[in-house]
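Undergrad:
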Amino acid sequence: MSKAPIIAGLAAFGVVLAVFAWATDAPAYMGQEPATCNNCHVMDSQYEGWFYAPHEQWAECADCHIPHENFIAYYFYKGKSGMKDVYSFATGSYPVAIRANEETQSIVQQNCIRCHEDTVESIVMGAQPLERHCWDCHRDVAHGERGSTLYLYQDTEVYKK
Numbered sequence: 327m328s329k330a331p332i333i334a335g336l337a338a339f340g341v342v343l344a345v346f347a348w349a350t351d352a353p354a355y356m357g358q359e360p361a362t363c364n365n366c367h368v369m370d371s372q373y374e375g376w377f378y379a380p381h382e383q384w385a386e387c388a389d390c391h392i393p394h395e396n397f398i399a400y401y402f403y404k405g406k407s408g409m410k411d412v413y414s415f416a417t418g419s420y421p422v423a424i425r426a427n428e429e430t431q432s433i434v435q436q437n438c439i440r441c442h443e444d445t446v447e448s449i450v451m452g453a454q455p456l457e458r459h460c461w462d463c464h465r466d467v468a469h470g471e472r473g474s475t476l477y478l479y480q481d482t483e484v485y486k487k
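So for the sequence shown, our numbering puts the first residue at 327; every next one is plus one.
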């Protein structure tokens, strides 16, 4: 049996993959550039809110929205989240008001504490379970006064499922 069809198929697959990577600038999504996160127009309000908010000088999207336990967790979640986004944008199934799900909320909370550990520990006088998310009080820090929303007010009822 000839190996030529298998080799030709693998070569064709490689060419298609290379063209896809070039056309979509796929390597950029492995980085941390906030403008890359804003490539999808549905993220415009989140990007603009971050751009004019206090954290713009100190944190990029991945600093808050991707887990930082280790290299594997970081890139696994980045890939998983990216594929979910690609599917949502390609099918038009993303919600009008984009909200962080429970997993993302947990990641953001862990990252707030990771970056501000000394401050958090001095506030609560040692590690203890927190019943609130950091952004319950600090809503305007990461995404500006209105947070990342098109709603006029940051009403906590809006965030309930």
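All C-beta atoms in this analysis are idealised placements derived from N, C-alpha and C, irrespective of residue type, glycine included.
Can you have a look at residue 356 and say buried or exposed, based on whether 16 or more other CB atoms are within 10 angstroms of its CB?
TA: Result: exposed.
Undergrad: Whose C-beta lies closer than 6 Å to the C-beta of residue 446 among residues of the same chain, with five residues either side of it excluded?
TA: Excluding sequence neighbours, residue 446 sits near 439.
Undergrad: Distance, Cα to Cα, residue 448 vs residue 458?
TA: If you take the alpha carbons of residue 448 and residue 458, they lie about 17 Å apart.
Undergrad: Taking the C-alpha atoms as reference points, what is the distance between residue 353 and residue 347?
TA: Each residue's alpha carbon lies about 7 Å from the other.
Undergrad: According to DSSP, is residue 437 part of a helix, a strand, or is it coil?
TA: Reduced to three states, the DSSP call for residue 437 is helix.
Undergrad: Quick check: the Cα distance between residue 434 and residue 393, rounded to an integer number of angstroms?
TA: Approximately 8 Å, taken between the alpha carbons.
Undergrad: Only counting the same chain, and skipping five residues up and downstream in sequence, which positions put a Cβ closer than 7 Å to that of residue 403?
TA: 392 and 393.
Undergrad: Rounded to whole angstroms, what's the CA-CA distance from residue 384 to residue 327? Just pull it up for me.
TA: Going from the Cα of residue 384 to the Cα of residue 327 covers about 60 Å.
Undergrad: Indicate the three-state DSSP secondary structure (helix, strand or coil) for residue 423 in the structure shown.
TA: Correct three-state label for residue 423: coil.
Undergrad: Looking at residue 388 and residue 468, is the spacing between their C-beta atoms short of 8 Å?
TA: For residue 468 and residue 388, no; Cβs fall outside 8 Å.
Undergrad: Where does residue 284 fall in DSSP's three states?
TA: No information on residue 284 is available, as it lies outside the stretch 327 to 487 that the chain covers here.
Undergrad: Just to confirm my understanding: we take residue 333, look at its own chain, exclude 5 residues before and 5 after, and list those with CB closer than 6 Å. What are they?
TA: The answer is none, since no qualifying residue turns up.
Undergrad: Below 8 Å between beta carbons: does that hold for residue 437 and residue 363?
TA: The answer is no: Cβ separation not under 8 Å.
Undergrad: Report all residues from its chain with a CB closer than 6 Å to the CB of residue 373; omit the five preceding and five following residues, and keep chain order.
TA: These residues qualify, in order along the chain: 364.
Undergrad: Using the three-state DSSP reduction, which class does residue 382 fall into: helix, strand or coil?
TA: Here residue 382 sits in helix by DSSP.
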